[in-house]
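Peer 1:
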Amino acid sequence: MIKHVVMWILRTRRTRVFQLVCLKTFLIFFVLLYSLDKLSQRWSRMSRTFEIDRLHDTFTMDGRPFRFISGSFHYFRAPQSKWRSIMRSMRAAGLTALSTYIEWSSHEVIPRQYRYEGHRDFEYFFQLAAEEGLYVLLRPGPFICGERDFGGLPAWLLSVAPDIVLRRNDPKYQFYVTRWFQQLFPKLQKHLYGNGGPIILVQVENEYGSDENCDPEHAIWLRDLLRSYVKDNAVLYSTDGAFEDFLACTVDGVYATVDFTAFQNTNASFQAQRFVERRGPLVNSEFYTGWLTHWQDPFVETVPTEDVINSLREMLDLGANINMYMFYGGTNFGFTSGANYNEKKGYEPSLTSYDYDSPLNEAGDPTDKYFAIRNLLGNYVELPQLPLPRETSKGDYGKVLLNPQDSIFELTSKISSVYSEHPMSFESLSQSTGFVLYDTIIPDIACESCLLDVPKLHDFAYVFLDEQLVAQLYRIAQTNSSLTVEPNQKLSIFVENMGRINQGEIHDFKGILSQVTLQGQVLTDWMMYKFPLDKIFFNTSVQRSERTKSAMCPRFFLGTFEIDHAQILDTFLDMRRWSKGVVFINGHNLGRYWSEKGPQYSLFVPSDFLRLGLNKIVVFELFNAPENRMVQFSTKPIFNYDTLQ
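Its first residue numbered 15, the sequence shown is counted upward by one per residue in my numbering.
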């Protein structure tokens, strides 16, 4: 018995020893395998390089010559669900890269509150680009222009620091830029090429030489800030117009590229680049496939496909790297569209649509220009074996009757007000978008032709006496009007922000920026009501009016419609019979319409904004609703419509 017990103990000990030896061996093997895997990954990252070979006038990727053919596609101008299909269409055309801005104002709407969800999720955007075989030309700003409000800068900069000097060597500006980049770049660094990601180029500032007061010290400061994050994991570059004067603010360590149109001489344009970069790859980092359009333009701007193809061919024959701006334009949803300032025309607000006459139209469908570009590129690169994109079906959801809701005057009892002796700007009221209503009482003045003067009005205003519309004012056309007034009448001025200037002198404060005079007398004691038209405003303020069923404007209108189709489709909302305002569907701001002036008369409605069952439309009409108060869906966009027909 004792013998058996001893043998069992010895056997058990040997088994346990064997098990321990096996376990230790396995752990050692696992640790070695894990270490080798990490080492392999590290070595793989270390071996990934993207550089400039000045001797051979080319980029090199991992030591091999590389040329990109790219197209601009901005993540914030399309719902997230459309990103992959747009990228796949780009790749199918023969493109090898895409270019996008990072829009500061999209991510930091409120100071120190950062948003990266949905259409703001640029990390997912870069992941998809890599999966679809596209490299990325990143343009992180902080200023981006792009026909976006305030050039992509957050408008609250003008609230927290009214005397800030933007895009200059100004401590206040650089403080906020530094704080933003401290948030931004930890999210971007993993996507740099040297770290295993698709980003091969990172832009410093944006067309800085186009600013006649560009500051080389600021350009150097921004270069150093970006370099501290990017290191050698991507190439820093700049973009400027193809003229020597526009290349005045280039700095060492940032590769200078140019942008030009199909109507400019290709060789002369690249000679401008050679003025700064004697050796290195030729790069047109913004080759314009179309052009932007402003409200009140006679028609939507286009660029003939033949001119685009001829210019592309010339650049390809020279071995140039090309980024087509835009390849997919998309939409300036909400209040995100900006404005330009022209010395002859003055303030020019941009359309909601950013179709841009791009190869892929606003809905993401291929155009004749797309297929012409693809056919050309097939002579220079091997086209991938991908299905060709096709025009997608659009939804026709019929007509919708809209019922009157609150007017702006009925809403004043439901929203807070601010008192000031003189009118305050939007920024002083800590409001970035939408509208502000300014109210005061007429003093002891009575006349049949009193001149109301608002010399610094930004941008559009409706003038009311005792809530009756008496005049319209606009910053580029007329900022004064003759009124018949009596003492103690209520004067109301409802001011619209139509988009901040996005290029040049961009310090574009909104609202009434001066004293208001009536027959030369300064009007004081103003009450101001904020109408930002954001979600908080709608959730707390707008509801069915119990006082009146009048359609007098400015007023909100509400309608509902059902979708019972198995598939929800993109569509367009026909606004030709309405005048001027903003449209919301299921809480999504589609953007501005101005059918009185055009040339855009419909608003794009992506399927993401719709849902099965009940859908809600809210129209905020500023001037004049049609008698039937109907809106109608369309399967086609409507531009260049003759409103008199």
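In this text, a Cβ means the ideal position worked out from N, Cα and C, and glycines have one as well.
1. Just the Cα atoms here: how many angstroms apart are LEU479 and PRO212?
2. Just the C-alpha distance for PRO620 and ASP539, rounded to the nearest angstrom, thanks.
3. Report the start-end ranges of each beta strand (DSSP E) in the stretch 559 to 626 that is 3 residues or longer and not cut off at the edges.
4. Using beta carbons (cut-off 9 Å, strictly below), is ASN511 in contact with chain D?
5. I need the boundaries of the beta strand (DSSP E) containing PHE449, first residue and last residue.
6. Given LEU152, which residues of its chain have a CB within under 6 Å of its CB, disregarding the five upstream and five downstream residues?
7. Could you name the residues that DSSP lists as bridge partners for ILE631?
8. For a test of the three-state rule: what should DSSP assign to LYS549, helix, strand or coil?
9. Write down the C-beta distance between PRO363 and GLY525 rounded to the nearest angstrom, noting that I regard them as a contact closer than 8 Å.
10. Assign PHE385 to one of three DSSP states: helix, strand, or coil.
11. How is THR12 classed by DSSP in three states: helix, strand or coil?
12. Output needed for THR275: all residues of its chain with C-beta closer than 6 Å, excluding positions within five of it in sequence on either side, in chain order.
13. Could you pull out every residue in the same chain whose Cβ sits closer than 7 Å to the Cβ of ALA639, ignoring the five residues on either side in sequence?
14. Considering only the beta carbon of each residue, do ASP588 and ILE652 sit closer than 9 Å?
15. Does the distance from the C-beta atom of ARG162 to that of GLU117 stay below 9 Å?
16. Would you mind working out which of PHE347, GLU300, ASP578, TYR384 sits nearest ALA270, comparing C-alpha positions?
17. Cα-Cα, which of SER84, LYS611, GLN197 is closest to TYR128?
18. May I ask you to verify whether the stretch 547 to 554 touches the stretch 377 to 386, counting CB pairs closer than 8 Å and requiring at least 3?
19. TYR370: buried (16+ other C-beta within 10 angstroms of its C-beta) or exposed?
20. Spatial neighbours of LYS201 within its chain, please: CB distance less than 7 Å, with the 5 preceding and 5 following residues excluded, ordered by chain position.
21. Based on the DSSP output, what are the partners of GLU481 in its beta bridges?
22. Leaving out five residues on either side along the sequence, give the residues of the same chain with a beta carbon under 6 Å from the beta carbon of HIS232.
23. Which residues in the same chain have their Cβ closer than 7 Å to the Cβ of GLN529, if we skip the five residues on either side of it in sequence?
24. Residues in its own chain within less than 6 Å of PHE349 by CB, not counting five upstream and five downstream?
25. Between PHE586 and SER616, which are expected to be in contact by the criterion C-beta below 8 Å, what is the C-beta distance as a whole number of angstroms?
26. Over the uninterrupted beta strand (DSSP E) stretch that includes TYR368, give me the two end residues.
27. Name the two residues that bound the continuous alpha helix (DSSP H) containing PRO185.
28. Out of curiosity, what's the CA-to-CA distance linking CYS228 and TYR222?
29. So PHE82 packs on PHE341, CB below 8 Å; how close in whole Å?
30. Which residue wins for smallest C-alpha separation from VAL633, given the options PRO185, ASN600, GLY267?
31. Three or more C-beta pairs under 8 Å: does that hold for the stretch 100 to 108 against the stretch 287 to 295?
32. Taking the beta carbon of PRO230 as the centre, do at least 16 other beta carbons fall within 10 Å, making it buried, or is it exposed?
33. When we look at the beta-carbon of PHE647 and count the other beta-carbons within 10 Å, is it buried (16 or more) or exposed?
34. Taking the straight line between their C-alpha atoms, what separation do you get for HIS121 and LEU171?
35. Please identify the residue among GLY360, MET101, ARG68, THR74 whose C-alpha is closest to the C-alpha of ASP522.
36. Which of the three DSSP states is assigned to ILE178 in this structure?
Peer 2: Judging by the given coordinates:
1. The count along the sequence shown starts at 1 and reaches residue 479 at position 465. The count along the sequence shown starts at 1 and reaches residue 212 at position 198. Distance between the alpha carbons of LEU479 and PRO212 is about 59 Å.
2. Within the sequence shown, the letter at position 606 stands for residue 620. Within the sequence shown, the letter at position 525 stands for residue 539. About 45 Å.
3. 569 to 577, 585 to 588, 594 to 599, 602 to 608, 616 to 619
4. Annotation note: the requested chain D is absent from the structure, which comprises a single protein chain.
5. In the sequence shown, the residue the question calls residue 449 occupies position 435. Counting along the chain, the beta strand (DSSP E) containing PHE449 begins and ends at 449 to 455.
6. In the sequence shown, residue 152 corresponds to position 138, counting from 1. Correct list, in chain order: ILE213, VAL216.
7. The sequence position of residue 631 within the sequence shown is 617, counting from 1. Note: ILE631 sits in a beta bridge opposite GLY573, ILE599.
8. Start at 1 with the first residue of the sequence shown, and residue 549 comes out as number 535. Three-state DSSP puts LYS549 in a helix.
9. Along the sequence shown, one-based indexing puts residue 363 at 349. Along the sequence shown, one-based indexing puts residue 525 at 511. About 16 Å separates the two Cβ atoms, so there is no contact after all.
10. Translated into positions along the sequence shown, residue 385 becomes position 371. Reduced to three states, the DSSP call for PHE385 is helix.
11. Because residue 12 is not part of the residues shown, which for the chain are 15 to 659, the question remains open.
12. Within the sequence shown, residue 275 is the residue found at index 261, counting from 1. Excluding sequence neighbours, THR275 sits near TYR302.
13. The sequence position of residue 639 within the sequence shown is 625, counting from 1. Excluding residues up to 5 positions away in sequence, ALA565, CYS567, PHE571, TRP592 lie with their Cβ nearer than 7 Å to the Cβ of ALA639 in the same chain.
14. Against the sequence shown, residue 588 aligns to sequence position 574. Against the sequence shown, residue 652 aligns to sequence position 638. Yes.
15. In the sequence shown, counting from the first residue as 1, residue 162 sits at position 148. In the sequence shown, counting from the first residue as 1, residue 117 sits at position 103. Closer than 9 Å, so yes.
16. Within the sequence shown, the letter at position 256 stands for residue 270. Closest by alpha carbon: GLU300.
17. The count along the sequence shown starts at 1 and reaches residue 128 at position 114. Minimum Cα distance to TYR128 is reached at GLN197.
18. no
19. The sequence position of residue 370 within the sequence shown is 356, counting from 1. Label assigned to TYR370: buried.
20. Indexing the sequence shown from 1 puts residue 201 at position 187. Counting only residues of its own chain and dropping the five nearest sequence neighbours on each side, LYS201 has a CB closer than 7 Å to the CB of GLU137.
21. The sequence position of residue 481 within the sequence shown is 467, counting from 1. Paired residues: none, contrary to the question.
22. On the sequence shown, residue 232 is found 218 positions in, with the first residue counted as 1. Excluding positions up to five away in sequence, the list reads ARG182, ASN183.
23. Stepping through the sequence shown from its first residue, residue 529 is reached at position 515. Closer than 7 Å at the Cβ level, and outside the excluded window around GLN529, lie HIS436, VAL536.
24. Locating residue 349 in the sequence shown gives position 335, counting from the first residue. Excluding positions up to five away in sequence, the list reads THR447.
25. Against the sequence shown, residue 586 aligns to sequence position 572. Against the sequence shown, residue 616 aligns to sequence position 602. At roughly 4 Å, the Cβ-Cβ gap stays under 8 Å, so PHE586 and SER616 are in contact.
26. Here residue 368 refers to the residue found at position 354 of the sequence shown. TYR368 -> no beta strand (DSSP E), and no H or E assigned at all.
27. Numbered from 1 along the sequence shown, position 171 holds the residue referred to as residue 185. Start and end: 185 to 202.
28. Residue mapping note: residue 228 aligns to position 214 of the sequence shown, counting from 1. Residue mapping note: residue 222 aligns to position 208 of the sequence shown, counting from 1. If I take the Cα positions, the gap works out to 6 Å.
29. Here residue 82 corresponds to residue number 68 of the sequence shown, with the count starting at 1. Here residue 341 corresponds to residue number 327 of the sequence shown, with the count starting at 1. In fact, because the Cβ distance is near 13 Å, the residues do not count as touching under 8 Å.
30. Along the sequence shown, read from residue 1 onward, the residue named residue 633 stands at position 619. It is ASN600 whose Cα lies nearest to the Cα of VAL633.
31. Using a Cβ-Cβ distance cut-off of 8 Å, the stretch 100 to 108 and the stretch 287 to 295 are not in contact, since fewer than three pairs of beta carbons, one from each stretch, lie closer than that value.
32. As a working mapping, residue 230 is identified with position 216 in the sequence shown. Exposed.
33. As a working note, residue 647 is residue 633 in the sequence shown. Answer is buried; the Cβ neighbour count reaches 16.
34. Sequence index remark: in the sequence shown, residue 121 carries index 107 (1-based). Sequence index remark: in the sequence shown, residue 171 carries index 157 (1-based). Between the alpha carbons of HIS121 and LEU171 lies a gap of roughly 14 Å.
35. Numbered from its first residue, the sequence shown carries residue 522 at position 508. Minimum Cα distance to ASP522 is reached at GLY360.
36. Here residue 178 corresponds to residue number 164 of the sequence shown, with the count starting at 1. Note: ILE178 maps to coil in three-state DSSP.
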